[in-house]
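Numbering (this note's numbering), first residue to last: 107 to 436.
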Amino acid sequence: MVGMMSIYLSIRMIKKKIINRAKKTLSTEIKEIQNLSKIFNDNFYKAVMILSKVKGRVIITGIGKSAHIGNKIAATLTSTGTPSYFMHATEASHGDLGGIKKNDCLLAISNSGETSELNNIINYSKRFAIPLISISSNSKSLLNKNSTIGIVYKKPIEACPLNLAPTSSTTVSLVIGDCLAMALLELKGFKSSQFRKFHPGGNLGKDLKIISDIMHIGNSLPLAKETDKMTKTLITMTKKSFGCVGVTNKRQKLIGIITDGDLRKKMNNNLFNLTASEIMTKKPTTGNKNMLVGEVLNIMNTKKITNLFICEKNKPIGIIHIHDLLRLSS
C-alpha cells in the first residue's frame, strides 16, 4: 500500500512539473511578444514601403531555426499578394545566389545578426544594389549594419530552461513576419476574392468559393406570386424540395418567404383559401452572388435559417440550402 502511494505521489509530481514547464514556456513567450510593440517605428514603416514596391520577388533567407521561420513567412507573404520564396543561406553560397534578380528584395532573419553563412548574401546585395531588410536582435551586428533597413527587436529570454534552444526568438521572428505580411496586405488592398485564387484547395478554399458557383438557379427556384392561392403555392413548395418558397410581387421582386415553420403556425381549415402574401414572412434575409461560402454559412448559422435566396436588385436569381454548404465542408 505504501509503495502504491509513493508511485501515485511520484506521478502527481511529474504531472505538475510538466504542466508548470508548459505554463512557464507560454508566459515567457507571451512576454517577449509583448516587447515587440517597440519595433513599430520608422524602420518598420520603411521596411513595409520597400516590400510594397518590389517588382520582382521577396527572397527570405536564414539558417537553422530561422530558416524554418523564413519558410513560413515566405508562404504567408506569397499567399497574401507579395510573391516570395525561401532561399537557404548555405545553398545561396553554392549557386542559388544566381536566382536573385535586380528587381528582387532580400529579407534576412538572424537572432544574433552574426550568422556567418549570411555574409555572401550581404555582399551580393551590396554588389548589385538589391535592398536588404533584416530581422535581428542586435543593432551592432554585421547584418544590421549592412542592411538597407533593419528591424531590431530586444534580445528575448528563451523559453528553454537553459536559455539556449531557440524558442522565444523564433516566435518573435515569426510574429514580425506576420506583422509585415498583414501590413502589406492592407496597404495593397488585397481582397478575399484574390485570397480565394491562391487557396483553391482544402477547407479554406471551400469557404472562399463564391456563392454564385454553387447556388441553384433557373427552374430550380421555388417561387410563388404574392396573389397565388396556397393550394398552388404548396404544390410549388413540394415539387422544388427546398422546404420553402419565395414570394414575389408584380415586378418580380422578392417580398417574402414561406417556410415549413410558417405553415405550422398558420395551419387551419382556412389555409388553402389564403394567398401567399397572407402567409409569408416579410423582408426575408437575402444574399448576393459575390458573397463567399464562408460568409453565407455564417449568416445562416446566425439567423438560424436553412435557406437563403440570392438576389440582384431584389430579384431572386438563386437559392442556397444549408445542406449545399455542409456538403462542401465534408
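Heads up, the beta-carbon is just placed ideally off N, CA and C, and yes, glycines get one too.
Can you tell me whether DSSP reads residue i as helix, strand or coil?
i      : result
ALA386 : The residue asked about is misnamed: residue 386 is Met in this sequence, not Ala. Reduced to three states, the DSSP call for MET386 is coil.
LEU268 : coil
GLU223 : helix
HIS200 : coil
LEU377 : helix
ILE206 : coil
LEU327 : coil
PHE146 : coil
ASN355 : coil
MET110 : helix
MET406 : helix
From this set, the options, which residue's C-alpha is nearest residue i's C-alpha?
i      : options                           : result
ALA198 : ASN209, ILE227, SER190 and ALA173 : ILE227
THR344 : LEU360, LEU369 and GLY219         : LEU369
ILE323 : TYR230, LEU414, ALA180 and LYS331 : LEU414
SER231 : LEU248, ILE206 and LYS251         : ILE206
VAL402 : SER143, GLY201, LEU377 and LEU434 : LEU434
ILE215 : VAL278, ILE411 and LEU142         : VAL278
Given this structure, state the Cα-to-Cα distance separating residue i from residue j, to the nearest angstrom.
i      : j      : result
ASP430 : ILE320 : 8 Å
HIS427 : LEU340 : 18 Å
ASN149 : TYR259 : 11 Å
LYS395 : PRO422 : 10 Å
GLY362 : GLY295 : 37 Å
MET110 : SER116 : 10 Å
ILE113 : ILE124 : 17 Å
GLU135 : ILE175 : 16 Å
LEU293 : GLY187 : 11 Å
THR387 : MET336 : 14 Å
Could you spell out the range, first to last residue, of the beta strand (DSSP E) harbouring residue i?
i      : result
THR182 : Taken as a continuous stretch (DSSP letters only), THR182 belongs to no beta strand (DSSP E), being part of the alpha helix (DSSP H) at 171-185.
LEU238 : 238-242
LYS395 : Note, LYS395: premise wrong, no beta strand (DSSP E); not H, not E.
LYS159 : No beta strand (DSSP E) contains LYS159, which DSSP labels as neither H nor E.
ILE423 : 421-427
GLY349 : Where GLY349 is concerned, there is no enclosing beta strand (DSSP E), given that its DSSP letter is neither H nor E.
ASN252 : Looking at the DSSP string, ASN252 is not in any beta strand (DSSP E), and its letter there is neither H nor E.
HIS194 : 190-194
Thinking residue i and residue j are a contact (beta carbons under 8 Å), I'd like their distance in whole angstroms, please.
i      : j      : result
LEU224 : THR167 : 7 Å
SER383 : VAL353 : 6 Å
PHE234 : LYS261 : Not a contact, Cβ separation roughly 31 Å.
SER326 : LYS346 : 7 Å
THR254 : PRO237 : 5 Å
LEU280 : LYS371 : Not a contact, Cβ separation roughly 54 Å.
SER190 : VAL164 : 4 Å
LEU249 : SER242 : 6 Å
Since residue i is in the alpha helix (DSSP H), which residue starts that stretch and which ends it?
i      : result
TYR259 : No alpha helix (DSSP H) contains TYR259, which DSSP labels as neither H nor E.
ALA79  : This structure leaves residue 79 out entirely; the chain is present only between 107 and 436.
ILE341 : 336-346
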